[in-house]
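Here the sequence shown is numbered in our numbering, starting from -18 and rising by one per residue.
Glycine included, every Cβ here is placed at the ideal spot set by N, Cα and C.
Okay, so here's the structure we're looking at.
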Amino acid sequence: MAKTSPPTEILADFWKKHCNEDPKLSFDLRECLRQSHERLKKWETKDLYAGAARDDVDDMLELGIRLASGMHIPFDDDAAIGLFKKIAQGNYAKDKRAIAANLLCQCLTRNFILGRSGPSEYIATFTWAEMSCKLGLFTQASLHLAMIFDAKGDDVDREGPFAEFTCFWSAYHKFREDTGLQRRNARRCVACDKKHEQRSMLKKCAGDCPSEAKPVYCSRRCQKAHWSKHRQWCKPDPAGSNPDWITDSEDEDY
């Protein structure tokens, strides 16, 4: 049996590999650990159980997060999901219900990624993500869910069982518009919206935009029409490359 390194050794190794040469990441992680330590000291688990028994929503959320993560308490995903459902469906403040719905989305997404649940849970996951977005909260959990299913096909937000979650998809598209994020495996031109049978029929921007922000086009005309939206994420490649566009590379995921 392979020997498992103690948590302190794992953390020290992570710090050495990722943080020593990145002051910002090091600061962010240290601050996160400090806040987590303070949070654990402020709320003892036994007090959270007592608060949850009184239906104190903050204690219920904190207890649910600890149960879902196994933080200073045995991991119990079902108990965490039960607490989050009680909050999301209960007569609590809007922001607390949004947080609970978002946490449900995260728990259920994790479960089907890890193989703990099947397709029957997909609709439930989208339902909680939709509720979170309707209540004004679009987070990394919703973004992760959207990107997983968006990569399965261009029209998942237009037809099929997940198209009905319009608030969720609207929030996702607004995020993409604000950040320049492009759809993975897209077979539609981002300018004219024409769908092609194969992704290789489209060409991508050859500028110095990040790969996740690199749009695909039918033609130079479409690329030029879209430039006013894309220009903030892009700048010309170094001298010697085509300044307009290039075809997909062979090693790109399709």
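Task: C-alpha gap between A172 and Y198, whole angstroms - done: 7 angstroms
Open item on the list: With a threshold of 6 angstroms on Cβ separation, who are the neighbours of R164 within its own chain once the five nearest residues in sequence on each side are excluded?
Closed with: D131
- [ ] Run the CB neighbour count on H18, radius 10 Å, all protein chains shown included, and call it buried at 16 or more, exposed below.
- [x] So H18 counts as exposed.
TODO: Give the straight-line distance between the Cα atoms of F56 and G45, rounded to the nearest whole angstrom.
DONE: 10 angstroms
Open item on the list: Please give the ranges of any alpha helix (DSSP H) in the region 132 to 211, keeping only runs that are unbroken, at least 4 residues long and fully inside the region.
Closed with: Within the region 132 to 211, the complete alpha helix (DSSP H) runs of at least 4 residues are 147 to 160, 201 to 211.
- [ ] Kindly list the residues whose CB is nearer than 8 angstroms to the CB of W318, restricted to its own chain and excluding five residues on each side of it in sequence; keep chain order.
- [x] Because the chain in this structure spans residues -18 to 235, residue 318 falls outside the shown range and cannot be described.
Task: Three-state class that DSSP yields for F56 in the structure shown - done: DSSP places F56 in coil when its eight states are reduced to three.
TODO: Give the straight-line distance between the Cα atoms of Q213 and H207, rounded to the nearest whole angstrom.
DONE: 11 angstroms
Open item on the list: Quick check on the burial criterion: 16 or more other C-beta atoms within 10 angstroms. Buried or exposed for R101?
Closed with: In the sequence on display, residue 101 carries Ser and not Arg. Burial call: exposed.
- [ ] Starting from W214, follow the alpha helix (DSSP H) in both directions and report where the run begins and ends.
- [x] Taken as a continuous stretch (DSSP letters only), W214 belongs to no alpha helix (DSSP H), as it is neither H nor E.
- [ ] Take C114 as the anchor and find which of H154, P142, G141 has the nearest alpha-carbon.
- [x] H154
Task: Touch test, the region 173 to 181 against the region 138 to 152, Cβ-Cβ under 8 angstroms, three pairs minimum - done: no
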